[in-house]
Amino acid sequence: MSKGWRTGLLVGAGAALVVFGLASGLHAQGRAQTGCCVAVVDIGRLFNEYERMKSVQDELKVLQDRLQRENEERKQKSDMLEATLDKMDRDDPAYVKKMSEVLESRISHKTWFEFQQANMTREVALITDRIYRDILAATQSIAENAGYDLVLYRDEYQPVSDPDDVQAQMRSRKVIYARDSADITEAVLGKLNADFRAKPRVPDLQMP
């Protein structure tokens, strides 16, 4: 884990998390037809194209760069102390004290890393939850205005060669078919981004 930290802090977090105006065409795209009460949305597209998510990714990049610089500084400090220790005579009265300094520096670096990792895990979980709740609220608003009673998660079947993967998709997919007129993704995305632009811009990440 420490090795991964040294090669690039939060790359996984940056990846992890990568797994997300009201459209003028709402009437054509999102309006429920007579006898129809079910709509679908593409959650993956909403996560990927929601401007708040893009803003969070920018914040993560800035944070990653800052923490990477601090990580390198801490590592260099520990390496310099250890290099000094290696040059010392073990019979030198100051040797034991210098060895304690090296150990203290290494432990401090490790503790700092684990703290930052735990902090980042918490932040990613919190912002993912906030964004998902934004999506839920926007979807509910669009669905209620358009007369839909039920909105399902639309996903596309991805052809694969492994039979186990095929069966896994068969079990996990809930929507077999939905006509384009039942897809309200564009309307939900429009509302999400319009609402986001209308709010004062404040940082989503709260890490010190």
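Numbering (the numbering used here), first residue to last: 2 to 209.
Where is the CB? At the ideal position from N, CA and C, for every residue including glycine.
Rounded C-beta distance between residue i and residue j? I'm assuming under 8 Å.
i    : j    : result
S56  : L82  : The Cβ separation is near 40 Å, so there is no contact.
T129 : V189 : The pair is not a contact, with the Cβ atoms about 17 Å apart (cut-off 8 Å).
Q170 : Y158 : 6 Å
L153 : V39  : 7 Å
L86  : K99  : 5 Å
H110 : R67  : Their Cβ separation, rounded to whole angstroms, is 16 Å, which puts H110 and R67 out of contact at 8 Å.
Determine the burial state of residue i: buried for a count of at least 16 other Cβ atoms within 10 Å of its Cβ, exposed for fewer.
i    : result
I136 : buried
Y149 : buried
Q77  : exposed
T112 : exposed
K192 : buried
D43  : buried
Q58  : exposed
Y96  : exposed
M1   : Nothing about residue 1 can be reported from this structure: the residues present for the chain run from 2 to 209 only.
R198 : exposed
R155 : buried
A119 : exposed
V161 : exposed
A84  : exposed
V203 : exposed
E115 : exposed
E73  : exposed
Take residue i as the anchor and find which of the options has the nearest alpha-carbon.
i    : options                : result
S101 : S79, T112, M121, F116  : S79
M54  : R134, K175, I143, D184 : R134
M208 : Q117, P201, K88        : Q117
K175 : D163, R70, L151        : L151
D196 : P164, L206, S162, I132 : I132
L127 : P160, R75, L206        : L206
A183 : P94, R91, A147         : A147
I185 : D92, P201, E145, M89   : E145
V41  : V103, V125, D181       : D181
Under DSSP, the beta strand (DSSP E) around residue i begins and ends at which residues?
i   : result
V42 : 39–42
Could you tell me the boundaries of the alpha helix (DSSP H) in which residue i lies?
i    : result
V103 : 96–147
L151 : From DSSP, L151 is part of no alpha helix (DSSP H) but of the beta strand (DSSP E) over 151–154.
D163 : Note, D163: premise wrong, no alpha helix (DSSP H); not H, not E.
S79  : 52–88
D196 : 186–199
Using a Cβ-Cβ distance cut-off of 7 Å, determine whether residue i contacts chain B.
i   : result
K99 : Reference to chain B is not applicable here, since this structure consists of a single protein chain.
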